[in-house]
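**Student:** Below is the structure I would like to discuss, written out as structure tokens.
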Amino acid sequence: MASLLHSLSDLVKQRQETERAAPGNDPGPRGIKAETRKLDFFYGPHQVLFDISLTIPERSVTALIGPSGCGKSTFLRTLNRMNEIIENTQLIGQVLLDGTDIYGPDVDVAQLRKRVGMVFQKSTPFPKSIFDNVAYGPRIAGLRDKKQLAEIVEQSLSRAALWNEAKDRLKQSALALSGGQQQRLCIARALATNPEVLLMDEPASALDPASTAHVEDLIFELKRNYTIVIVTHNMQQAARVSDHTAFFYEGRLIEMGVTTGLFTKPKEKRTEDYITGRFG
Amino acid sequence: MSKALPAVVRSVSTRGRLFAALCRTAIWSAVGVLAILLACVLWQSWGWLDLSFLTSYDSAIDPRRAGILAGLWGSFWLMILTMFISVPVGIGAAIYLEEYAGDTWVTRLIRVNLANLAGVPSIVYGILGLTVFVRMFGIFRAGGLVQQLTGWEVVAVKVVGIRIPLPLGSAVLAGALTLSLMILPVIIVAAQEALRAVPPSIRHASLALGATRWQTIRHQVLPAAVPGMLTGIILSASRAIGETAPLIMVGAATFLRSTPGGITHLTELLTNFPSVLDAPFSEYTAMTIQVYNWVKQPSDDYRHAAAAGILVLLIALLSLNALAIYVRNRFQKRLSV
Numbered sequence: 541m542a543s544l545l546h547s548l549s550d551l552v553k554q555r556q557e558t559e560r561a562a563p564g565n566d567p568g569p570r571g572i573k574a575e576t577r578k579l580d581f582f583y584g585p586h587q588v589l590f591d592i593s594l595t596i597p598e599r600s601v602t603a604l605i606g607p608s609g610c611g612k613s614t615f616l617r618t619l620n621r622m623n624e625i626i627e628n629t630q631l632i633g634q635v636l637l638d639g640t641d642i643y644g645p646d647v648d649v650a651q652l653r654k655r656v657g658m659v660f661q662k663s664t665p666f667p668k669s670i671f672d673n674v675a676y677g678p679r680i681a682g683l684r685d686k687k688q689l690a691e692i693v694e695q696s697l698s699r700a701a702l703w704n705e706a707k708d709r710l711k712q713s714a715l716a717l718s719g720g721q722q723q724r725l726c727i728a729r730a731l732a733t734n735p736e737v738l739l740m741d742e743p744a745s746a747l748d749p750a751s752t753a754h755v756e757d758l759i760f761e762l763k764r765n766y767t768i769v770i771v772t773h774n775m776q777q778a779a780r781v782s783d784h785t786a787f788f789y790e791g792r793l794i795e796m797g798v799t800t801g802l803f804t805k806p807k808e809k810r811t812e813d814y815i816t817g818r819f820g
Numbered sequence: 346m347s348k349a350l351p352a353v354v355r356s357v358s359t360r361g362r363l364f365a366a367l368c369r370t371a372i373w374s375a376v377g378v379l380a381i382l383l384a385c386v387l388w389q390s391w392g393w394l395d396l397s398f399l400t401s402y403d404s405a406i407d408p409r410r411a412g413i414l415a416g417l418w419g420s421f422w423l424m425i426l427t428m429f430i431s432v433p434v435g436i437g438a439a440i441y442l443e444e445y446a447g448d449t450w451v452t453r454l455i456r457v458n459l460a461n462l463a464g465v466p467s468i469v470y471g472i473l474g475l476t477v478f479v480r481m482f483g484i485f486r487a488g489g490l491v492q493q494l495t496g497w498e499v500v501a502v503k504v505v506g507i508r509i510p511l512p513l514g515s516a517v518l519a520g521a522l523t524l525s526l527m528i529l530p531v532i533i534v535a536a537q538e539a540l541r542a543v544p545p546s547i548r549h550a551s552l553a554l555g556a557t558r559w560q561t562i563r564h565q566v567l568p569a570a571v572p573g574m575l576t577g578i579i580l581s582a583s584r585a586i587g588e589t590a591p592l593i594m595v596g597a598a599t600f601l602r603s604t605p606g607g608i609t610h611l612t613e614l615l616t617n618f619p620s621v622l623d624a625p626f627s628e629y630t631a632m633t634i635q636v637y638n639w640v641k642q643p644s645d646d647y648r649h650a651a652a653a654g655i656l657v658l659l660i661a662l663l664s665l666n667a668l669a670i671y672v673r674n675r676f677q678k679r680l681s682v
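Order-wise, the sequence lines are chains A and B. In this note's numbering, each residue's number is its place in the first sequence (first place is 1) plus 540. In this note's numbering, each residue's number is its place in the second sequence (first place is 1) plus 345.
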């Protein structure tokens with residue numbers, strides 16, 4: 541088990557070196573983009589999140605890890621109010637985005653979700669063309685100008701590293717893309733609304749290793765401009781892509797810290813047990 | 346053991362074959378009866394179904410001169426109006442129940458009873474239609490509630506230039522409203538199922554992109570549900586066009602030598618606007634009513650007219666279905682890869 545901890549810390553160290561070499565990766569301190577304060581969440585009478593207070597630094601990747609059913613996906617969905625789609629749920633506490641409570645009385649949920657984009661575990665392309673998929677967000681926001689739409693589509697697809705593969709087949713159905721391409725299309729679609737935060741719910745868990753690597757590289761690239769929160773089951777993935785990691789267990793936040801620290805010197809016994817694979 | 350096993354296998358496979366044979370018998374006996382019926386109709390109508398049968402009115406004295414023109418146009422107007430009423434109401438109700446309504450005891454009661462309503466005999470809808478649409482509870486008759494309250498005997502109202510008789514009486518519109526009532530449960534249940542079949546992941550993806558609930562329904566859910574909805578509409582339209590009992594109740598004429606609005610040619614639908622507005626309030630007959638009337642006549646020759654009428658009805662039904670299936674397939678093709 542100790543060897544696994546070592547391999548993870550090697551992974552983190554290796555990454556630190558490459559990152560330092562890469563230009564544009566300012567290692568300085570970052571502001572707080574989002575923050576939760578004493579967050580409780582209930583499905584009916586069943587409480588799934590207990591007293592979560594957590595900060596998410598801007599333009600960085602925050603990974604949420606923990607065993608199945610620990611509440612990490614539920615927590616992710618409280619950040620763009622997607623949990624409200626399920627009936628009979630209740631939230632106590634505060635979720636702040638740039639210092640404003642997103643559960644406040646005059647918050648427009650649709651506007652909020654344009655600022656806080658989301659990518660799901662299973663890619664969900666609409667049964668439309670590639671172009672229409674990416675243009676969906678801007679279009680429902682009221683953008684009609686064809687030239688502008690085309691620009692947004694190209695930019696979003698480029699950012700999602702799909703432009704070269706898709707540029708000649710924009711009019712074709714998105715359902716004809718491969719699984720990895722579909723997931724990158726969903727990322728492009730989320731980027732098209734020009735969000736500030738990108739939530740990713742196990743974005744690579746349904747992909748083959750090559751596509752996973754592709755998506756991970758992409759996340760690494762995107763954090764220069766976006767604040768990313770990613771839920772993952774994969775410890776190596778968290779070590780590879782994230783700057784901060786939060787460990788959830790049974791609805792509680794056990795430990796949160798800089799990824800390098802959490803993976804090399806976990807403070808809590810349970811964190812160490814989980815990341816070394818003793819349970820979960 | 347080694348000897349017993351093949352015996353068991355044989356008996357299982359024999360039972361399997363027996364079951365398959367039973368199923369085969371079921372389908373072929375059904376098809377056989379249908380084929381005999383069709384053959385009879387074709388045989389009896391041979392030489393009777395011609396252009397003059399389609400373009401002439403009924404005749405009470407000469408079966409040779411009896412035609413289905415009035416019934417053809419009556420059924421046409423019935424179907425148009427029925428669909429105009431029931432499709433928007435049915436789809437709207439289904440969208441409300443599936444997408445907006447919460448899970449309260451009222452909505453649960455409605456959901457459960459929709460299926461029951463679909464099974465209510467059509468004659469019951471006929472009685473309902475007679476009371477509600479044809480007579481309007483008698484509140485407009487001389488000495489009725491309206492006269493008692495207002496002092497006037499109201500016989501009609503004018504809405505944007507269209508004169509609507511009150512009560513509706515045995516007008517096409519009253520028949521169409523009754524048929525709409527009858528087929529609404531079928532349309533609603535089919536539309537609900539079509540909406541339910543749209544994957545939740547599509548809705549979530551749309552909402553997560555900042556779409557409102559309405560935008561999600563409009564751009565994602567409805568387009569994906571249209572083929573399924575059309576299936577329900579096809580089924581219910583077929584049922585409506587073949588109905589006789591409720592129409593007899595709500596006063597469709599058994600013998601009529603006129604068409605709704607006096608329109609006897611398709612081009613008039615586009616050119617003769619006043620007649621089009623007049624048609625929903627005209628008296629009418631339907632193809633099924635004419636067939637029913639001919640079958641009752643003592644003269645044997647009317648049976649041939651009835652057979653010809655049935656054939657026209659079947660052709661109308663099949664072309665209606667073909668059209669709807671064509672539309673549905675086009676939609677499906679647009680949605681899939």
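Beta carbons are placed, not taken as given, at the ideal position from N, Cα and C, and that holds for glycine. The model shown is predicted, which means the values in this text are computed figures rather than measured ones.
Quick check on G677(A) - is its C-beta less than 8 Å from some C-beta in chain B?
**Tutor:** Using a CB distance cut-off of 8 Å, G677(A) counts as an interface residue toward chain B.
**Student:** Quick one: which chain B residues come within Cβ less than 8 Å of R792(A)?
**Tutor:** By Cβ distance, chain B contributes nothing, its closest Cβ being about 26 Å from R792(A), past 8 Å.
**Student:** Does the Cβ of E498(B) have 16 or more other Cβ atoms within 10 Å, making it buried, or fewer, making it exposed?
**Tutor:** exposed
**Student:** Where do the N-terminal and C-terminal ends of the alpha helix (DSSP H) with H586(A) fall, by residue?
**Tutor:** Here H586(A) belongs to no alpha helix (DSSP H); instead the beta strand (DSSP E) covers H586 to P597.
**Student:** Within the continuous beta strand (DSSP E) that includes Q565(B), where are the two ends?
**Tutor:** Run containing Q565(B): none; DSSP gives neither H nor E here.
**Student:** Any C-beta of chain B sitting closer than 8 Å to the C-beta of A706(A)?
**Tutor:** no
**Student:** Taking 8 Å as the threshold (C-beta atoms), are A730(A) and K658(A) in contact?
**Tutor:** Inspection of the sequence shows that residue 658(A) is occupied by Met rather than by Lys. Yes; because the gap between Cβ atoms is below 8 Å, this pair is in contact.
**Student:** Here's a check: name, in chain order, each residue in its chain whose Cβ is nearer than 7 Å to the Cβ of Y402(B), leaving out the five neighbours to either side.
**Tutor:** G412, L414, A415 and R602
**Student:** Does the stretch 574-586 of chain B touch the stretch 428-437 of chain B, meaning 3 or more C-beta pairs lie closer than 8 Å?
**Tutor:** yes
**Student:** Give the range of the beta strand (DSSP E) segment to which A603(A) is assigned.
**Tutor:** V601 to I605 is the extent of the beta strand (DSSP E) around A603(A).
**Student:** Just to confirm, is the Cβ distance from I692(A) to A732(A) under 8 Å?
**Tutor:** yes
**Student:** Do H549(B) and F581(A) have their C-beta atoms closer together than 8 Å?
**Tutor:** no
**Student:** Going along the chain, which residues of its own chain have a beta-carbon closer than 6 Å to the beta-carbon of K612(A), five neighbours each way excluded?
**Tutor:** L604, G606, V771 and F788
**Student:** Please look up how many angstroms separate the CB atoms of T604(B) and Y637(B), rounded, as I've assumed it's under 8 Å.
**Tutor:** So it is not a contact: roughly 19 Å between Cβ atoms.
**Student:** I believe L298(B) touches T599(B) by the beta-carbon criterion, under 8 Å. Please report the beta-carbon distance rounded to the nearest angstrom.
**Tutor:** Nothing in the structure corresponds to residue 298(B), since chain B is present only between 346 and 682.
**Student:** Which residues share a DSSP beta bridge with D685(A)?
**Tutor:** Note: D685(A) sits in no beta bridge, so no partner.
**Student:** Quick check: R780(A) and R599(A), are their CB atoms within less than 8 Å of each other?
**Tutor:** In this structure, R780(A) lies away from R599(A), with their beta-carbon atoms at least 8 Å apart.
**Student:** Counting only Cβ-Cβ distances shorter than 7 Å, please list the residues of the stretch 538-549 of chain B near chain A, keeping chain order.
**Tutor:** S546, I547 and H549
**Student:** Report the rounded CA-to-CA distance for R486(B) versus S397(B), giving the unit in angstroms.
**Tutor:** 42 Å
**Student:** Candidates P665(A), I727(A) and L548(A): which alpha carbon is nearest E761(A)'s?
**Tutor:** I727(A)
**Student:** To the nearest angstrom, how far is the alpha carbon of M472(B) from that of A716(A)?
**Tutor:** The sequence given here has Ile at residue 472(B), not Met. About 54 Å.
**Student:** Could you name the residues that DSSP lists as bridge partners for D580(A)?
**Tutor:** I632(A)
**Student:** Interface residues of chain B around K711(A) at Cβ under 7 Å?
**Tutor:** The contacting residues do not exist; K711(A) stays about 13 Å from chain B at best.
**Student:** Along the chain, which unbroken stretches of the beta strand (DSSP E) at least 3 residues long are found entirely within the stretch 689-770 of chain A?
**Tutor:** 737-741
**Student:** For chain A, is any of its Cβ atoms less than 8 Å away from the one on Q677(B)?
**Tutor:** So no, Q677(B) is outside the interface.
**Student:** With a threshold of 8 Å between beta carbons, is F615(A) in contact with chain B?
**Tutor:** With a threshold of 8 Å between beta carbons, F615(A) makes no contact with chain B.
**Student:** Just to confirm, is the Cβ distance from P585(A) to K654(A) under 8 Å?
**Tutor:** Cβ atoms of P585(A) and K654(A): not closer than 8 Å.
**Student:** So, is the C-beta of M658(A) closer than 8 Å to a C-beta in chain B?
**Tutor:** At least one chain B Cβ lies under 8 Å of M658(A).
**Student:** Pull up the distance between the alpha-carbon of L363(B) and that of G377(B), whole angstroms please.
**Tutor:** 20 Å
**Student:** Could you tell me the boundaries of the alpha helix (DSSP H) in which E613(B) lies?
**Tutor:** E613 to T616
**Student:** Return the CA-CA distance between S608(A) and T614(A), expressed in angstroms with no decimal places.
**Tutor:** 11 Å
**Student:** At the 8 Å Cβ level, is K686(A) part of the contact set with chain B, yes or no?
**Tutor:** no
**Student:** Leaving out the 5 sequence neighbours to the left and right, which residues in its chain are closer than 6 Å to Q492(B) when beta-carbon positions are compared?
**Tutor:** Cβ within range, chain order: E498.
**Student:** Just mark V504(B) as buried or exposed, buried being the case when its beta carbon has 16 or more other beta carbons within 10 Å.
**Tutor:** exposed
**Student:** Taking all protein chains shown into account, decide if H610(B) is buried (16 or more other Cβ within 10 angstroms of its Cβ) or exposed.
**Tutor:** exposed
**Student:** Can you find a CB in chain B that lies within less than 8 Å of the CB of P667(A)?
**Tutor:** yes
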